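Peer 1: Supplied in structure tokens, the structure appears directly below.
Residue numbers (my numbering): 1 to 86.
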């Protein structure tokens, strides 16, 4: 729920599109989890799938932190003249 609120607050005029993309991303993630589990199970064994999940969680936290830093930089640039790297 907080994610949807944030998306609507960012761009109210295109809220339905943003919410649809958010839902599609969630469904894609759930589908990808099954695929990753099916591929990783024969490689690492069923008992070690937790390690694969932990590794993916670390990657997700790193991506989330990078996104947060980029958002903060963009918000700081609103008051000053600067450019945010792509």
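Don't be surprised by glycine CBs; every beta carbon is placed ideally from N, CA and C. Keep in mind the model is a prediction, meaning the values are calculated, not measured.
Excluding the 5 residues preceding and the 5 following residue 7 in the sequence, name in chain order all residues of the same chain whose CB lies nearer than 8 Å to its CB.
Peer 2: For the purposes of this step, residue 7 is identified with residue 7 of the chain shown, where counting begins at 1. Hits under 8 Å: 15, 18, 19, 22.
Peer 1: Shortest alpha-carbon distance to residue 40 belongs to which of 61, 54, 60?
Peer 2: Walking along the chain shown from the start, residue 40 turns up at place 40. Checking every option, the nearest Cα to that of residue 40 belongs to 54.
Peer 1: From the DSSP output, in three-state form, read off residue 78 for me.
Peer 2: On the chain shown, residue 78 is found 78 positions in, with the first residue counted as 1. If DSSP states are grouped into helix, strand and coil, residue 78 belongs with coil.
Peer 1: Is the distance from the Cβ of residue 52 to the Cβ of residue 37 below 9 Å?
Peer 2: To locate residue 52, count along the chain shown from 1; it is residue 52. To locate residue 37, count along the chain shown from 1; it is residue 37. A contact, by the Cβ cut-off of 9 Å.
Peer 1: Between the alpha carbons of residue 2 and residue 76, how many angstroms are there, rounded?
Peer 2: Along the chain shown, one-based indexing puts residue 2 at 2. Along the chain shown, one-based indexing puts residue 76 at 76. Approximately 23 Å between the Cα atoms of the pair.
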